[in-house]
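See below for the structure under consideration.
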Ligand SMILES: [Zn+2]
């Protein structure tokens, strides 16, 4: 045998060994998929398909149900397999897979509701591709067995636009009551705004419709996903009649209902658009003794007001914010320490407002939407940078100058009229006493005492009536 041949043979052998080793290595790295089909523990006619793989670097467990309902089953299988294929592809394309960078996928489902009329199947997906955190995802399918179709929020309601408006109002009002969720009121408002995608995850139960909000939609990510159940009878006139009927859609098994639920309609904005209204506003606080006096008078007369606070003072009295909000009052931003903002470099002016927002958020757990510049001094640049509503005033009794309760009270009572905003300062005892007088008197005269946000809604409601 020639040398050439010998070399060729050795090379061939080496290639084979490398090939086999690589095959076993890959095999070990990616593993072998096993499939099993078992009955679902809760529903005997439903089966669970499980695809498991326990490779060294590639692991997954994918579950999906089989209802023996062709159209529904196809979609369940398609959903699970599509996610799995995508995951496998990203694994095969990855070049840096190792012990610290394994690939894991977990898809699990939960039959949230199962009745003759409809079923709701919730899939929870968890994917980890190395790194600190994996990705969680939730998806809910609603299937109507009679109609043989999957249901979106549009299929549930008679008028999409009206229903979304109503859902948005109901959910926001309800969730706002929970201080831990309302930590970032801006996010809550955004995440509950009347858009179909915000209400796309739901389950029709016999007496309730449950809505699911993924983590990060209505509250900071760390709070996790949220569920809210709304009693169907509150959705009468909105929900299609076939989904109102509770008998038709009764689950044979007892279904747990979300802890957080709405069983009563919220009061329409808490005001009557046909009745006159005024917004009292108090600047430069909080100041415990005087602010509390005003709060008590508001509570006794079922009125609301707005307190434009200074960041520097909130730092001293953070607990006052909770006291103010408890009565349904509003808190606005009045800068950090009261400079004339237009005289400051733009950056510093913006910082005055932004620092105060953060201080209020930290102390009170919510984000003000209204801003009142000290001395009413602001400009377009400042306003567009802080991106808040600027609230000035209509009636100014100059209570900082006239430290006389009777004078201040009289001035307001003779100058203010419906739809107007009154400026006062809750740091002076004379002003607090004047406030107590006018709160009583204006209420007696039939005025509703509203926050600045409520007064805006009140104006909107009246404008709609005229058109
Ligand atoms: Zn001021």
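Residue numbers (mature numbering (1 follows the signal peptide of the UniProt record, and there is no 0)): -21 to -1, 1 to 446.
C-beta atoms are modelled at their ideal positions from N, C-alpha and C, and glycine is treated no differently.
For this session: Whole angstroms is fine: what's the gap from residue 72's alpha carbon to residue 320's?
Result: Along the chain shown, read from residue 1 onward, the residue named residue 72 stands at position 93. Along the chain shown, read from residue 1 onward, the residue named residue 320 stands at position 341. Each residue's Cα considered, the two are about 55 Å apart.
For this session: Please state whether DSSP places residue 230 in a helix, a strand or coil.
Result: For the purposes of this step, residue 230 is taken as residue 251 along the chain shown, with counting starting at 1. Residue state, collapsed to three classes: strand.
Problem set entry | Separation of residue 223 from residue 215, as counted between CA atoms | For the purposes of this step, residue 215 is taken as residue 236 along the chain shown, with counting starting at 1. For the purposes of this step, residue 223 is taken as residue 244 along the chain shown, with counting starting at 1. Distance between the alpha carbons of residue 215 and residue 223: 7 Å.
Exercise. With residue 91 and residue 62 assumed to form a contact (beta carbons below 8 Å), what rounded beta-carbon distance in angstroms separates them?
Worked result: Position 112 of the chain shown, counting from 1, holds the residue named residue 91. Position 83 of the chain shown, counting from 1, holds the residue named residue 62. The distance from the Cβ of residue 91 to that of residue 62 is about 19 Å, inconsistent with a contact at the 8 Å cut-off.
Exercise. Rounded to a whole number of angstroms, what is the C-alpha to C-alpha distance between residue 22 and residue 39?
Worked result: Sequence index remark: in the chain shown, residue 22 carries index 43 (1-based). Sequence index remark: in the chain shown, residue 39 carries index 60 (1-based). Residue 22 and residue 39: Cα-Cα distance of roughly 25 Å.
For this session: Tell me, please, which residues DSSP counts as bridged to residue 128.
Result: Numbered from 1 along the chain shown, position 149 holds the residue referred to as residue 128. According to DSSP, which records beta bridges pairwise, residue 128 is partnered with 123.
For this session: Find out if the Cβ-Cβ distance for the pair residue 139, residue 133 is shorter than 7 Å.
Result: Here the question's residue 139 lines up with position 160 in the chain shown. Here the question's residue 133 lines up with position 154 in the chain shown. Cβ distance < 7 Å, so residue 139 and residue 133 count as in contact.
Exercise. Excluding five sequence neighbours on each side, which residues of the same chain lie with their C-beta closer than 6 Å to the C-beta of residue 153?
Worked result: What you label residue 153 is simply residue 174 of the chain shown in a count that begins at 1. If we look at residue 153 and ignore the five residues flanking it on each side, its Cβ neighbours are 241.
Exercise. If you measure from the CB of residue 353, is any heavy atom of ligand 1 nearer than 6 Å?
Worked result: As a first step, residue 353 is located in the chain shown; it is residue number 374 there, counting from the start. Yes, the Cβ of residue 353 comes within 6 Å of a heavy atom of ligand 1.
Exercise. Would the C-beta of residue 263 count as close to ligand 1, meaning under 6 Å from any of its heavy atoms?
Worked result: For the purposes of this step, residue 263 is taken as the residue at position 284 of the chain shown. Yes, Cβ of residue 263 sits closer than 6 Å to a heavy atom of ligand 1.
Exercise. Are the beta-carbon atoms belonging to residue 314 and residue 336 less than 7 Å from one another?
Worked result: Residue numbering aside, residue 314 sits at position 335 when the chain shown is read from its first letter. Residue numbering aside, residue 336 sits at position 357 when the chain shown is read from its first letter. By the CB criterion at 7 Å, residue 314 and residue 336 fall outside the cutoff.
Problem set entry | Three-way DSSP call (helix, strand, coil) for residue 57 in this model | Taking the first residue of the chain shown as 1, we reach residue 57 at position 78. Here residue 57 sits in helix by DSSP.
For this session: Can you check the stretch 85 to 126 for any alpha helix (DSSP H) of at least 4 residues that lies completely inside it and give the ranges in chain order?
Result: Taken in chain order, the stretch 85 to 126 contains no complete alpha helix (DSSP H) segment of 4 residues or longer.
Problem set entry | Candidates 120, 77 and 353, of which the one nearest residue 93 by Cα | Within the chain shown, numbered from 1, the residue matching residue 93 stands at position 114. Check the Cα spacing between residue 93 and each of 120, 77 and 353: the tightest is with 120.
Problem set entry | For residue 195 and residue 252, the rounded distance between their alpha carbons | Mapped onto the chain shown, residue 252 falls at position 273. Mapped onto the chain shown, residue 195 falls at position 216. Cα-Cα distance, rounded: 35 Å.
Exercise. How is the alpha helix (DSSP H) around residue 170 delimited, first residue to last?
Worked result: As a first step, residue 170 is located in the chain shown; it is residue number 191 there, counting from the start. Looking at the DSSP string, the run of the alpha helix (DSSP H) that includes residue 170 is 164 to 170.
For this session: Specify the secondary structure class of residue 176 as computed by DSSP and reduced to three states.
Result: Stepping through the chain shown from its first residue, residue 176 is reached at position 197. Looking at residue 176 - three-state DSSP - the assignment turns out to be helix.
For this session: Can you grab the Cα-Cα spacing for the pair residue 85 / residue 52, in whole Å?
Result: Your numbering for residue 85 matches position 106 in the chain shown. Your numbering for residue 52 matches position 73 in the chain shown. Going from the Cα of residue 85 to the Cα of residue 52 covers about 19 Å.
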